[in-house]
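A.B. asks:
Numbering (the UniProt record's numbering), first residue to last: 1 to 240.
(1) Under the assumption that residue 142 contacts residue 176 (Cβ atoms under 8 Å), give the Cβ distance between them as a whole number of angstroms.
(2) Within the UniProt domain "Endonuclease NucS C-terminal" (127-231), note down every full alpha helix (DSSP H) run reaching 4 residues or more, in order along the chain.
(3) Assuming residue 80 and residue 100 make a contact with CB atoms under 8 Å, what is their CB distance in whole Å?
(4) Can you tell which of 58, 224, 223, 114 has its C-alpha closest to the C-alpha of residue 78?
(5) Would you kindly work out how many angstroms separate the C-alpha atoms of residue 183 and residue 222, rounded to a whole number?
(6) For residue 245, which residues in the same chain have their Cβ closer than 7 Å to its Cβ, ignoring the five residues on either side in sequence?
(7) Go ahead and label residue 106 buried or exposed: buried means 16 or more other beta carbons lie within 10 angstroms of its beta carbon, across all protein chains shown.
(8) Thinking C-alpha only, which one of 102, 98, 97, 96 is nearest residue 90?
(9) Should residue 55 go down as buried or exposed, given a rule of 16 or more other Cβ atoms within 10 Å for buried?
(10) May I have the straight-line CA-CA distance separating residue 126 from residue 137, to the nearest angstrom?
(11) Which residues in the same chain as residue 12 place their Cβ atom closer than 7 Å to its Cβ, once the five residues preceding and following it in sequence are excluded?
(12) Please return the same chain residues whose Cβ sits closer than 7 Å to the Cβ of residue 218, not counting the five positions on each side in sequence.
(13) Do you know whose CA, among 115, 232, 92, lies nearest residue 22's CA?
(14) Tell me the DSSP bridge mates of residue 55?
(15) Which value, in whole angstroms, describes the spacing of the CA atoms of residue 10 and residue 63?
(16) In terms of residues, what are the limits of the alpha helix (DSSP H) holding residue 16?
(17) Take residue 104 as the anchor and find which of 193, 189, 35 has the nearest alpha-carbon.
(18) With burial defined as no fewer than 16 other Cβ atoms inside 10 Å of the residue's Cβ, what is the status of residue 191: buried or exposed?
(19) Assuming residue 162 and residue 117 make a contact with CB atoms under 8 Å, what is their CB distance in whole Å?
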């Protein structure tokens with residue numbers, strides 16, 4: 001199977017044939033003059049303008065203009081596509097539940113491309129979740145006697161990133177991938193107060209690469225702790 005194909009000013013019949021027979025195999029992009037009609041939970045009209053329309057193998061369809069990140073119109077995966085030829089190329093993108101229809105009217109298609117896009121693997125580096133995982137695997141980063149017990153421990157005030165225990169009692173850890181501020185300290189204090197109210201012996205600590213002066217001052221006032229830990233970044237990328 002070819003990795004890509006390109007058609008300059010394709011005939012409507014060519015576009016129809018490709019959308020009907022190759023949509024499950026390629027990411028298909030149309031660039032052309034189009035009008036977009038939407039009917040469903042609301043309704044909208046996007047008047048004639050040159051736009052990019054992308055059809056993905058999972059059934060999702062996105063219509064982009066020259067501004068902003070989000071598409072002008074879109075339909076999610078599992079949508080069905082029907083193509084009709086008249087004075088214009090009419091493309092209908094239908095979603096069954098809830099019932100939604102996107103109608104794309106194209107008097108001209110400037111180009112059509114087919115791309116064999118692979119999914120590959122995705123790894124997020126430097127996230128708070130990754131920092132928690134690092135401490136779970138290497139609890140000595142906090143203290144020699146620290147034993148992790150539960151991640152995302154539910155409380156009425158939110159989820160504790162990591163709850164553990166030491167020789168002196170429970171230890172609540174709040175993680176931040178960037179500099180910790182007053183909000184992080186206040187959140188940690190709520191967690192500590194909650195478990196203390198339940199009659200437990202509790203300590204609390206912020207785990208972050210750095211902490212602001214005001215946050216550190218408040219942390220000490222509350223009798224809480226700071227553990228310095230930086231998230232792992234992809235080694236080949238340097239932020240300037």
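Note that beta-carbon positions come from the ideal geometry of N, C-alpha and C, so glycine has one too. Keep in mind it's a predicted model, so treat the numbers as computed, not measured.
C.D. replies: With the given structure in hand:
(1) Contact flag wrong, Cβ pair sits at about 15 Å.
(2) 128-137, 182-197, 213-221
(3) The pair is not a contact, with the Cβ atoms about 11 Å apart (cut-off 8 Å).
(4) 58
(5) 14 Å
(6) Within the shown structure, residues of the chain are numbered from 1 to 240, placing residue 245 beyond reach of any answer.
(7) buried
(8) 102
(9) buried
(10) 16 Å
(11) 85, 89
(12) 182, 185
(13) 115
(14) 28, 61
(15) 19 Å
(16) 12-21
(17) 35
(18) buried
(19) With 8 Å as the limit, residue 162 and residue 117 do not qualify as a contact, their Cβ atoms being about 37 Å apart.
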